[in-house]
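Numbering (UniProt numbering), first residue to last: 1 to 388.
Even glycine gets a Cβ: it sits at the ideal position worked out from N, Cα and C.
All values derive from a computational prediction rather than experimental measurement.
In structure tokens:
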């Protein structure tokens, strides 16, 4: 592979493992202060970055998420850690179950979910660009690990941790999909109401009684496009009826006072159309703002436990080596192979998810509180039920 020897490829693997991990630990805290510019944090209209390097949110999501399984396959079938000898993936083997779990997740994440999304805000180009870098490293490392001698063998079936890990993965995956579906349903309802409202306002904005566009005296069902003098819907109107007009308005319609605006809406105003947000309810949303994140963490925790229990076993056995300053010094300044040897790619992925996603959950929770204020459930934590 790449004309390198197995020893050199192992060295490349360990360097990627080390620097990918450290990079995530460096980038994650930054996002406590700088929001990743996509979704509700897309640059606002009128801001310096709005319109600059913005890309279609759905297409960008599909492209950037497909990178991980693509590089997984490429690295897996080149098997850099086992001299190019690709392991046999027998249907029903531990390896096939874990590789299948990985691809089920990305089938949903990269294809099914975005294609079922009714709409998605534009994203700044920097977001998919960084995601491509992350997924290139992550997919490559996982592909290398699962084609290596460290990948789960048939003996994994005898491990309780394997089955517990698979159960956690399944619970987390289903929970992630279900809670994402709650958000998608909110978006569908919002889009449906938006279209109905837009259609309704278009109808109301159509002039009646000869489609009056100038000064008119008479009754026009309370709808005109110009200056109007008359009575509509039981009130006097001068340019406004039923609270909507395309021109200037002073008067009463339906007993409501208007002065250029009726009920806060006029057909003469331009209104930007963007994403609409509402408070999600149901299941774990009763206790936390980001149950989809929480479930995804459970999913990849289970995946890591099933794939490589060595780190968990060391933690359960009470090993305190990781707390020793000498351990950290060796890991940070020593050769890449000495960088926490038990920290394999499945565990790196799990920790990276928390490091990179928690700041967004924190910022998003504050966003909910600021936007909905007293309407937002006070008992909701950020991302861990009953704790935080």
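Just the C-alpha distance for residue i and residue j, rounded to the nearest angstrom, thanks.
| i | j | result |
| --- | --- | --- |
| residue 173 | residue 63 | 21 Å |
| residue 3 | residue 373 | 59 Å |
| residue 325 | residue 286 | 42 Å |
| residue 117 | residue 350 | 26 Å |
| residue 75 | residue 21 | 19 Å |
| residue 60 | residue 319 | 43 Å |
| residue 343 | residue 377 | 39 Å |
| residue 147 | residue 86 | 6 Å |
| residue 388 | residue 359 | 12 Å |
| residue 322 | residue 31 | 26 Å |
| residue 5 | residue 84 | 10 Å |
| residue 27 | residue 179 | 27 Å |
| residue 302 | residue 156 | 14 Å |
| residue 115 | residue 58 | 8 Å |
| residue 15 | residue 167 | 32 Å |
| residue 110 | residue 328 | 36 Å |
| residue 340 | residue 135 | 22 Å |
| residue 175 | residue 100 | 18 Å |
| residue 269 | residue 105 | Confidence is the limiting factor: at residue 269 the pLDDT is only 34, short of 50, which leaves the residue's position unreliable, though a coordinate-based value still follows. Approximately 45 Å, taken between the alpha carbons. |
| residue 354 | residue 112 | 24 Å |
| residue 131 | residue 330 | 30 Å |
| residue 386 | residue 90 | 42 Å |
| residue 263 | residue 181 | Bear in mind that the predicted position of residue 263 carries a pLDDT of just 41, short of 50, making it unreliable; the figure below should be weighed with that in mind. Cα to Cα, the separation comes out at about 33 Å. |
| residue 357 | residue 159 | 30 Å |
| residue 103 | residue 177 | 15 Å |
| residue 465 | residue 348 | This structure leaves residue 465 out entirely; the chain is present only between 1 and 388. |
| residue 33 | residue 25 | 15 Å |
| residue 133 | residue 371 | 33 Å |
| residue 364 | residue 375 | 16 Å |
| residue 251 | residue 352 | Reliability of the predicted coordinates at residue 251 is poor, the pLDDT of 41 falling under 50, and no value is obtained from them. |
| residue 35 | residue 332 | 28 Å |
| residue 19 | residue 317 | 28 Å |
| residue 127 | residue 69 | 19 Å |
| residue 311 | residue 53 | 42 Å |
| residue 334 | residue 171 | 39 Å |
Compare the Cα-Cα distances from residue i to each of the options and report the closest residue.
| i | options | result |
| --- | --- | --- |
| residue 93 | 60, 154 and 54 | 154 |
| residue 120 | 137, 188 and 105 | 188 |
| residue 283 | 380, 306, 106 and 66 | 380 |
| residue 67 | 339, 91, 107 and 84 | 107 |
| residue 7 | 34, 69 and 80 | 80 |
| residue 368 | 158, 163 and 290 | 290 |
| residue 164 | 35, 348 and 304 | 304 |
| residue 9 | 327, 177, 95 and 140 | 140 |
| residue 137 | 366, 159 and 65 | 65 |
| residue 366 | 288, 53 and 171 | 288 |
Do residue j and residue i have their beta-carbon atoms positioned less than 7 Å apart in this structure?
| i | j | result |
| --- | --- | --- |
| residue 72 | residue 142 | yes |
| residue 309 | residue 161 | yes |
| residue 362 | residue 384 | no |
| residue 144 | residue 293 | no |
| residue 296 | residue 169 | no |
| residue 314 | residue 346 | no |
| residue 129 | residue 95 | no |
Could you round the C-beta distance between residue i and residue j to whole angstroms and report it? I think they count as a contact, below 8 Å.
| i | j | result |
| --- | --- | --- |
| residue 183 | residue 280 | 6 Å |
| residue 123 | residue 186 | That belief does not hold up - the Cβ atoms of residue 123 and residue 186 are roughly 19 Å apart, past 8 Å. |
| residue 55 | residue 98 | That belief does not hold up - the Cβ atoms of residue 55 and residue 98 are roughly 33 Å apart, past 8 Å. |
| residue 149 | residue 88 | Not confirmed; about 13 Å, so no contact. |
| residue 336 | residue 11 | 7 Å |
Does the CB of residue i have a neighbour CB from chain B at under 7 Å?
| i | result |
| --- | --- |
| residue 12 | The chain labelled as chain B is not found in the depicted structure, where only one protein chain is given. |
For the ligand ZN, is there a heavy atom less than 6 Å away from the beta-carbon of residue i?
| i | result |
| --- | --- |
| residue 89 | With respect to the ligand ZN, the structure offers nothing, as it holds no ligand at all. |
Every unbroken beta strand (DSSP E) within the region 61-99, with a cutoff of 3 residues, ordered by chain: Whole beta strand (DSSP E) segments, 3+ residues: zero.
Segments assigned alpha helix (DSSP H), at least 4 residues, entirely inside the region 340-371: none
Whole beta strand (DSSP E) elements within the region 295-344, 3-residue minimum: none
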